[in-house]
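Visitor: These protein sequence lines map, in sequence, to chains F and S. Here the first sequence stands for residues 2 to 345, numbered as in the working numbering. Here the second sequence stands for residues 2 to 279, numbered as in the working numbering. The C-beta atom is built at its ideal place from N, Cα and C for all residues, glycine as well. Before I ask anything, let me first share the structure, which is written out below as structure tokens.
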Amino acid sequence: MNMEDYRGVWVFIEEKDGIVAPVSLELLGAGKWLAEKRKTELAGVLIGENVQELAQTVVEYGADKVYVYDDPIYRFYRTESYMKAMLACVEKYKPEILLYGATSTGKDLASAVATDLPTGLTADTTQLDVEEDTGLLLASRPAFGGNIMATILCKKYRPQMATVRPKVMKALSRNNGATGEFIHESIPIKEEDIRTKVLEIVQTTTQRIRIDEADIIVAGGKGLGGPLGFQVIHQLANTLGAVVGASRDVVEAGWIGHHHQVGQTGATVTPKIYFAIGISGAIQHIVGMQNSGLIIAINKDPAAAIFQAAHYGIVGDALTIVPMITEAFKIALGREGEVDARKV
Amino acid sequence: MLHIVACIKQVPDTKIIKMNPKTNTMDRSSAPAILNPYDAHAVEEAVRLRARYGGIVSVLTMGPPPAVKAIRKCIEIGADEGYMITDRAFAGADTLATSYTLTKALEKIGEITPIDLIVCGKMTIDGDTGQVGPGIARRLDMPPLTSVNKVTELNKAEGYAIVHRKLEDGYEVIRSTLPCLISVEKEINEVPYSSLPNMLRAARYQPHIWSVSDLKDIDKTQLGLKGSPTIVSSVWAPKKPQGGQLLEGEPNEQIRQLLAVMLEHKELFGATAGGGVS
Ligand SMILES: Cc1cc2nc3c(=O)[nH]c(=O)nc-3n(C[C@H](O)[C@H](O)[C@H](O)COP(=O)(O)OP(=O)(O)OC[C@H]3O[C@@H](n4cnc5c(N)ncnc54)[C@H](O)[C@@H]3O)c2cc1C
Ligand SMILES: Cc1cc2nc3c(=O)[nH]c(=O)nc-3n(C[C@H](O)[C@H](O)[C@H](O)COP(=O)(O)OP(=O)(O)OC[C@H]3O[C@@H](n4cnc5c(N)ncnc54)[C@H](O)[C@@H]3O)c2cc1C
Numbered sequence: 002m003n004m005e006d007y008r009g010v011w012v013f014i015e016e017k018d019g020i021v022a023p024v025s026l027e028l029l030g031a032g033k034w035l036a037e038k039r040k041t042e043l044a045g046v047l048i049g050e051n052v053q054e055l056a057q058t059v060v061e062y063g064a065d066k067v068y069v070y071d072d073p074i075y076r077f078y079r080t081e082s083y084m085k086a087m088l089a090c091v092e093k094y095k096p097e098i099l100l101y102g103a104t105s106t107g108k109d110l111a112s113a114v115a116t117d118l119p120t121g122l123t124a125d126t127t128q129l130d131v132e133e134d135t136g137l138l139l140a141s142r143p144a145f146g147g148n149i150m151a152t153i154l155c156k157k158y159r160p161q162m163a164t165v166r167p168k169v170m171k172a173l174s175r176n177n178g179a180t181g182e183f184i185h186e187s188i189p190i191k192e193e194d195i196r197t198k199v200l201e202i203v204q205t206t207t208q209r210i211r212i213d214e215a216d217i218i219v220a221g222g223k224g225l226g227g228p229l230g231f232q233v234i235h236q237l238a239n240t241l242g243a244v245v246g247a248s249r250d251v252v253e254a255g256w257i258g259h260h261h262q263v264g265q266t267g268a269t270v271t272p273k274i275y276f277a278i279g280i281s282g283a284i285q286h287i288v289g290m291q292n293s294g295l296i297i298a299i300n301k302d303p304a305a306a307i308f309q310a311a312h313y314g315i316v317g318d319a320l321t322i323v324p325m326i327t328e329a330f331k332i333a334l335g336r337e338g339e340v341d342a343r344k345v
Numbered sequence: 002m003l004h005i006v007a008c009i010k011q012v013p014d015t016k017i018i019k020m021n022p023k024t025n026t027m028d029r030s031s032a033p034a035i036l037n038p039y040d041a042h043a044v045e046e047a048v049r050l051r052a053r054y055g056g057i058v059s060v061l062t063m064g065p066p067p068a069v070k071a072i073r074k075c076i077e078i079g080a081d082e083g084y085m086i087t088d089r090a091f092a093g094a095d096t097l098a099t100s101y102t103l104t105k106a107l108e109k110i111g112e113i114t115p116i117d118l119i120v121c122g123k124m125t126i127d128g129d130t131g132q133v134g135p136g137i138a139r140r141l142d143m144p145p146l147t148s149v150n151k152v153t154e155l156n157k158a159e160g161y162a163i164v165h166r167k168l169e170d171g172y173e174v175i176r177s178t179l180p181c182l183i184s185v186e187k188e189i190n191e192v193p194y195s196s197l198p199n200m201l202r203a204a205r206y207q208p209h210i211w212s213v214s215d216l217k218d219i220d221k222t223q224l225g226l227k228g229s230p231t232i233v234s235s236v237w238a239p240k241k242p243q244g245g246q247l248l249e250g251e252p253n254e255q256i257r258q259l260l261a262v263m264l265e266h267k268e269l270f271g272a273t274a275g276g277g278v279s
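Printed below as a string of structure tokens:
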């Protein structure tokens, strides 16, 4: 392997229903910075059906180039078809760094591509840097359930690949009308060659709860004592127009669905305001919410670790304090006497 | 005969693990070794499929000798056979080297009884990369199916499986040819308490134990640390967040202060604020 042949930073662009996944835009932001440090170019790899138009979006978010694989065979994500496209592209144009969102699709694709190339793949990265002179990617990630952070290097193979957690990198602001190069690629691939078929796609959440996009999150933990206690969380959230979050223990206890879970094995969130109520502040929870704008913790134990992560803390019983906040808020916002009409 | 192999790993219990605050290293002695919780679901799913379709369930692990305990745990869950590959040469493997080594063992197991389905956990709780399953599938040229939360059908005679793959907002129904590899989510099943007969069998069970020399056509440069493109260059404790201030005074006074801070963000509290309700 001749390292010198490998140049440029690439991002796998994840697309669904004609929309670029937010994590791909975030990675373009991070990728731009890495590419500038390396004085090289940033490219997106866009695979799908009828995706040409999205190539312009990719350029407007920072890419110099987009490699486009547009074919009905890519209508649904399938490991084998997407992997073949990505392998062909890597072999042809040889990037030195290739990033994927750590989503179910991105992780699935990256693991398959890494094995076939072969090359190293750093999982679930939360920090990225590059050595300007050597081009060595410094990819850092949590491991052991978030108890430690590790920096992983891939010295002898190219491209250097990593999956990156959603919400930890920042997208650039959109540069409308930016121009870039679109390179249309195709590979000989037939439907019969692909051993998996998507028979059906079932949407289970009619209204998607986008906890990772919420401005305000009211999260509750085991300290609320039970599903009934958890209602004070819903009431405050409704009053604030917030989304409800939860610790893993609450999800495991079945008080609320898993897509509300914040943390290492749940969502990484960055709302402007985050309430952590009756949550002890285990490291696995903290890693998911520590970048929130304003963190407010309510816990009856003054020594709870959550107070270390919070900007403001109230020591006390959530079951009395939270309803008081809800009421005070209704008054402050001139909504006293309002019924919880928005609760579903 | 239907042959399902579950890949399993012994891991330190990260819930109990402690960090040494002075050296910022992990105090491994503080953590008991357990069967990776996600792998218990993989074995349970294999056992349930055997109950539906007949056949046998084997489990395979790569690890140090004490990993025998994790195999016994799988026998308790109901697995028929256990295989362990253990050798100093495997130490320090990343996911690429791990999947290579496991593949060599799977080829050998497959020579004894051909494999129809491989089941992996979603991830481990120590490395938690989730990359080993797809890696094995690629090496054995099987379709990899990750995020599986239901197996609706397994048809050996006609050579296909139908599974549900979890998506961010629902699931997709996939038909795949057999053999294939699935990585399962924990909600795929609940692992019940072990039955007494399984516990008794597990206590006496001796797994098949192989070392490097038992594996055929092995390329030693692809094993362990040597065969791993990724290296862990440094390890540190995640940054401790800076504590903020505890509000003081009577509850009413605290809430007044809190409100004052929050109302600096008044624009957030419009009627349409937020991203929806549950
Ligand atoms: C591999 C791994 C991954 C994990 N991933 C996640 C994850 O993604 N997200 C996550 O959250 N956790 C995760 N965890 C679990 C995590 O370690 C903790 O177990 C969990 O966050 C604790 O949930 P909790 O704070 O709700 O409950 P507890 O730890 O039980 O804390 C309850 C808190 O409530 C307080 N309290 C009790 N009563 C009241 C009251 N009346 N009013 C006010 N306060 C009260 C108590 O003082 C206590 O601090 C993970 C663990 C592992 C091992
Ligand atoms: C701090 C730290 C960070 C690391 N980061 C990376 C990284 O970013 N990239 C990388 O390539 N490696 C990394 N590694 C190495 C990685 O943890 C090991 O390669 C490990 O052997 C396999 O990965 P995993 O535990 O993440 O397994 P996962 O891929 O999470 O496991 C998925 C499933 O594969 C099966 N499986 C996994 N391991 C075994 C086994 N030994 N025997 C049988 N079945 C198994 C199980 O069914 C399991 O549920 C890291 C190691 C450490 C200590």
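1) For glutamine 246 of chain S, which three-state DSSP category applies?
2) Are there any heavy atoms of ligand 2 lying less than 8 Å away from the beta-carbon of threonine 104 of chain F, as far as the coordinates show?
3) Whole angstroms are fine: how far does the CA of tyrosine 101 of chain F sit from the CA of aspartate 18 of chain F?
4) Looking at chain F, is there any beta carbon in it that lies within less than 9 Å of the beta carbon of lysine 10 of chain S?
5) Taking DSSP as the reference, what is the three-state secondary structure of glutamate 154 of chain S?
6) Check distances from the C-beta atoms of the region 245–256 of chain S to those of chain F and list, in chain order, the residues that come in under 9 Å.
7) Of the residues that make up the region 188–221 of chain F, which ones have a beta carbon closer than 7 Å to any beta carbon in chain S?
8) Below 7 Å on C-beta distance, what does isoleucine 126 of chain S contact in chain F?
9) Residues in its own chain within less than 6 Å of lysine 273 of chain F by CB, not counting five upstream and five downstream?
10) Please list, in chain order, all residues of the same chain as isoleucine 190 of chain F whose beta carbon is under 7 Å from its beta carbon, the five residues on each side excluded.
11) Does DSSP put arginine 176 of chain S in a helix, in a strand, or in coil?
12) Can you give the Cα-Cα distance for glycine 277 of chain S and asparagine 239 of chain F, rounded to whole angstroms?
13) If contacts are defined as beta-carbon pairs under 8 Å, then alanine 80 of chain S and valine 44 of chain S qualify, I think. What distance do you get, rounded to the angstrom?
14) Is it buried or exposed, lysine 40 of chain F, if we count other Cβ atoms within 10 angstroms and call 16 or more buried?
15) Tell me whether serine 281 of chain F, by its Cβ, gets closer than 8 Å to a heavy atom of ligand 1.
16) Closer than 9 Å, CB to CB, is proline 119 of chain F near chain S or not?
17) Any heavy atom of ligand 1 closer than 8 Å to the CB of glutamine 262 of chain F?
18) Leaving out the 5 sequence neighbours to the left and right, which residues in its chain are closer than 6 Å to lysine 16 of chain S when beta-carbon positions are compared?
19) Could you tell me which whole alpha helix (DSSP H) segments of length 4 or greater appear in the region 25–84 of chain F?
20) Could you have a look at tyrosine 158 of chain F and say whether DSSP puts it in helix, strand or coil?
21) Rounded to whole angstroms, what's the CA-CA distance from alanine 311 of chain F to lysine 66 of chain F? Just pull it up for me.
22) Report yes if the CB atom of tryptophan 11 of chain F is closer than 9 Å to the CB atom of alanine 56 of chain F, and no otherwise.
23) Are the C-beta of glutamine 309 of chain F and some C-beta of chain S separated by less than 9 Å?
24) Within this structure, are the beta carbons of leucine 1 of chain S and tyrosine 161 of chain S separated by less than 9 Å?
25) Please classify methionine 170 of chain F: does DSSP put it in a helix, a strand, or coil?
26) Is the beta carbon of isoleucine 280 of chain F closer than 9 Å to that of alanine 298 of chain F?
27) With 8 Å as the limit, tell me which residues of the region 95–126 of chain S have their beta carbon closer than that to any beta carbon of chain F; keep them in chain order.
28) For threonine 62 of chain S and chain F, any beta-carbon pair shorter than 9 Å?
29) Is glycine 122 of chain S helix, strand or coil by DSSP?
30) Counting only C-beta atoms, is histidine 286 of chain F closer than 9 Å to chain S at any point?
31) Output the distance between the C-alpha atoms of glycine 32 of chain F and tyrosine 62 of chain F, rounded to the nearest integer angstrom.
Guide: If we stick to the structure as given:
1) strand
2) no
3) 19 Å
4) no
5) strand
6) Gly245, Gln246, Leu247, Leu248, Pro252, Asn253, Gln255, Ile256
7) So the close ones are Arg196, Thr197, Lys198, Val199, Leu200, Glu201, Ile202, Val203, Gln204, Thr205, Thr206, Gln208, Arg209, Ile210, Arg211, Glu214, Ala215, Asp216, Ile217.
8) Counting only Cβ-Cβ distances below 7 Å, isoleucine 126 of chain S has contacts in chain F at Gly146, in chain order.
9) Asp216, Gly294
10) Ile74, Ser82, Lys85
11) strand
12) Model confidence at glycine 277 of chain S stands at a pLDDT of 29, short of 50, so the residue's coordinates are unreliable; what they give is reported in the following sentence. Distance between the alpha carbons of glycine 277 of chain S and asparagine 239 of chain F: 9 Å.
13) 6 Å
14) exposed
15) yes
16) yes
17) yes
18) none
19) 53–61
20) coil
21) 42 Å
22) No.
23) yes
24) Here chain S comprises residues numbered 2 to 279, so residue 1 of chain S is not present and cannot be evaluated.
25) Looking at methionine 170 of chain F - three-state DSSP - the assignment turns out to be coil, as it is neither helix nor strand.
26) yes
27) In summary, the residues of the region 95–126 of chain S whose CB is separated from some CB of chain F by less than 8 Å are Asp95, Thr96, Leu97, Ser100, Ile126, in the order they occur in the chain.
28) no
29) For glycine 122 of chain S, the secondary structure class from DSSP, reduced to helix, strand or coil, is strand.
30) No, no contact with chain S.
31) Here the alpha carbons of tyrosine 62 of chain F and glycine 32 of chain F stand approximately 11 Å from one another.
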